[in-house]
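Chemist: Going letter by letter, the sequence shown gives residues -17 to 272 in our numbering. Heads up, the beta-carbon is just placed ideally off N, CA and C, and yes, glycines get one too. The structure follows.
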Amino acid sequence: MTCPIILNFDKSVGEICHAKTIDFTQWQDAIRFGCTKKKFNQFKGVLQQFLPENHGTVLMGSGDYHHISLLLIENLAKQYSAENPIQVVIFDNHPDNMRYLFGIHCGSWVSYVASLPFVSHVHVLGITSHDIGLSHFWENRWSALFHKKLTYWSLDVNVAWAKKIGLGHAFRHFATTDDLIASFLSEQYHSAQPVYLSIDKDALSEDIIHTNWDQGKLQTYHILDTISSIKPRIIGSDITGELSIWQPSSWFKRLLSSLDEQPTISPDNLINWQQEQHQLNLTLLKALAV
């Protein structure tokens, strides 16, 4: 069994038996939430120095680090190509495909993944965020959606407008979470393409877990059922969505963080909710173990 990797930016994951921890706390302020492409590429070089060639699921801490998934997926370029492609399946309450003019951040990385020549398609499952609603349509990056390389799987948000501009195929809407997962797994049933799986736990209901972000409606069994169904095809995976308290040193990041209205977390809740997170991580790692 390949060991899990903890990229320790924010000390939120804690200790996991048999996992290898890589200390990146000195990068927290530079990378968290977002950074310039120059800084992102600098970190890419550092990550490549420390990340083992063969490893298990990567845990990255807060969802503020979800853009690091791009670097993990890019590492697969040596093994896959346009002739031998992979799909990327993402659980997230947000599309993570928004415009960001200042580099790359946790809400803008998906378009870069979709543009990789060895990625045939990206699926984002569990979106309830109004980021894909009419009022925010102009903020989305359109290329991957129009070129049929990206699909949003959503509920509780009105996406009827997408059909009017020829994007009905990319904006899938469902009445229930069970319907969403059942439809996705039905479509995947006959696919043999390898899958990279990225899990942001903000796709889960607050009845299950608490994260730094507004959350979706999925239950743990939706993720576990998906893992079970596609497990023979999974060639890599990561987990984000931990809880941590962060005060950016940059006024710009403080501003952006305030605009996203991340909830304030009390110290007592932080301890209790991180313990819940830890148990969920163990459940997910057990399901993903090979």
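Under 7 Å Cβ to Cβ from Pro67, same chain only, skipping five residues before and after it: list those, please.
Modeler: The sequence position of residue 67 within the sequence shown is 85, counting from 1. Hits under 7 Å: Phe100, Val101, Ser102, Gln175.
Chemist: Could you check whether the stretch 146 to 162 touches the stretch 196 to 206, counting it as contact only if at least three pairs of C-beta atoms, one from each stretch, sit closer than 8 Å?
Modeler: The answer is yes - the stretch 196 to 206 touches the stretch 146 to 162, with three or more Cβ pairs under 8 Å.
Chemist: Could you say which of Gln229, Leu41, His151 lies nearest to Asp220 if we only look at CA atoms?
Modeler: Looking up residue 220 in the sequence shown gives position 238. The residue with the shortest Cα to Cα distance from Asp220 is Leu41.
Chemist: Rounded to a whole number of angstroms, what is the C-alpha to C-alpha distance between Asn251 and Ala185?
Modeler: Against the sequence shown, residue 251 aligns to sequence position 269. Against the sequence shown, residue 185 aligns to sequence position 203. Those two C-alpha atoms are separated by around 20 Å.
Chemist: Looking at the unbroken beta strand (DSSP E) that takes in Leu179, where does it start and where does it end?
Modeler: Translated into the one-based positions of the sequence shown, residue 179 becomes position 197. Looking at the DSSP string, the run of the beta strand (DSSP E) that includes Leu179 is 177 to 182.
Chemist: Kindly indicate which three-state DSSP category Asn122 falls into: helix, strand or coil?
Modeler: Taking the first residue of the sequence shown as position 1, residue 122 is located at position 140. Of the three classes helix, strand and coil, the one that applies to Asn122 here is strand, per DSSP.
Chemist: Counting pairs of beta carbons, one from the stretch 84 to 97 and one from the stretch 148 to 155, are three or more of them closer than 8 Å?
Modeler: The answer is no - the stretch 148 to 155 does not touch the stretch 84 to 97, with fewer than three Cβ pairs under 8 Å.
Chemist: Going by Cα to Cα distance, which pick from His192, Gln257, Ile181, Ile253 is closest to Thr222?
Modeler: In the sequence shown, counting from the first residue as 1, residue 222 sits at position 240. For Thr222, the nearest C-alpha among the options comes from Ile181.
Chemist: Which residue's Cα is closest to the Cα of Thr265: Ser248, Thr39, Trp124, His76?
Modeler: Against the sequence shown, residue 265 aligns to sequence position 283. Among Ser248, Thr39, Trp124, His76, the Cα nearest to that of Thr265 is on Thr39.
Chemist: Apart from the five residues on each side of it in sequence, which residues of its chain come closer than 6 Å, Cβ to Cβ, to Ile163?
Modeler: Within the sequence shown, residue 163 is the residue found at index 181, counting from 1. If we look at Ile163 and ignore the five residues flanking it on each side, its Cβ neighbours are His204.
Chemist: I'd like to check one pair, Ser226 with Asp(-8): are the Cβ atoms closer than 8 Å?
Modeler: Working through the sequence shown from its first residue, we reach residue -8 at position 10. Working through the sequence shown from its first residue, we reach residue 226 at position 244. Cβ distance < 8 Å, so Asp(-8) and Ser226 count as in contact.
Chemist: Assuming contact is defined by CB atoms lying nearer than 8 Å, are Ile278 and Val177 in contact in what I supplied?
Modeler: Any property of residue 278 remains undetermined from this structure, which presents the chain solely from -17 to 272.
Chemist: Quick test of your reading: Leu116 and Trp143, contact by CB under 8 Å. State the CB separation rounded to the nearest angstrom.
Modeler: Reading the sequence shown from its first residue, position 134 is the one you call residue 116. Reading the sequence shown from its first residue, position 161 is the one you call residue 143. With a Cβ gap of about 5 Å, Leu116 and Trp143 count as contacting.
Chemist: Are the stretch 120 to 132 and the stretch 41 to 58 touching by the rule of at least three beta carbon pairs closer than 8 Å?
Modeler: Touching, no.
Chemist: Nearest CA to the CA of Asn140: which residue from His118, His192, Ser187, Lys131?
Modeler: By one-based count along the sequence shown, residue 140 stands at place 158. When each option's Cα is compared against that of Asn140, the closest is His118.
Chemist: Which same chain residues end up closer than 8 Å to Asn75 when comparing Cβ atoms and leaving out the 5 residues on each side of it in sequence?
Modeler: Counting from one through the sequence shown, the residue named residue 75 turns up at place 93. If we look at Asn75 and ignore the five residues flanking it on each side, its Cβ neighbours are Gly108, Ile109, Thr110, Ser111, Asp182, Asp184, Ala185, Trp195, Asp196, Gln197, Gly198.
Chemist: Can you list the alpha helix (DSSP H) stretches of 4 or more residues lying completely in the stretch 156 to 230, in chain order?
Modeler: Counting only runs of 4 or more, we get 159 to 170, 202 to 212.
Chemist: How about Ile4 and Pro(-14): do their beta carbons lie closer than 8 Å?
Modeler: Counting from 1 along the sequence shown, the entry for residue 4 is found at position 22. Counting from 1 along the sequence shown, the entry for residue -14 is found at position 4. The answer is no: Cβ separation not under 8 Å.
Chemist: Please report the straight-line C-alpha distance between Leu83 and Lys20, rounded to a whole angstrom.
Modeler: Taking the first residue of the sequence shown as position 1, residue 83 is located at position 101. Taking the first residue of the sequence shown as position 1, residue 20 is located at position 38. If you take the alpha carbons of Leu83 and Lys20, they lie about 13 Å apart.
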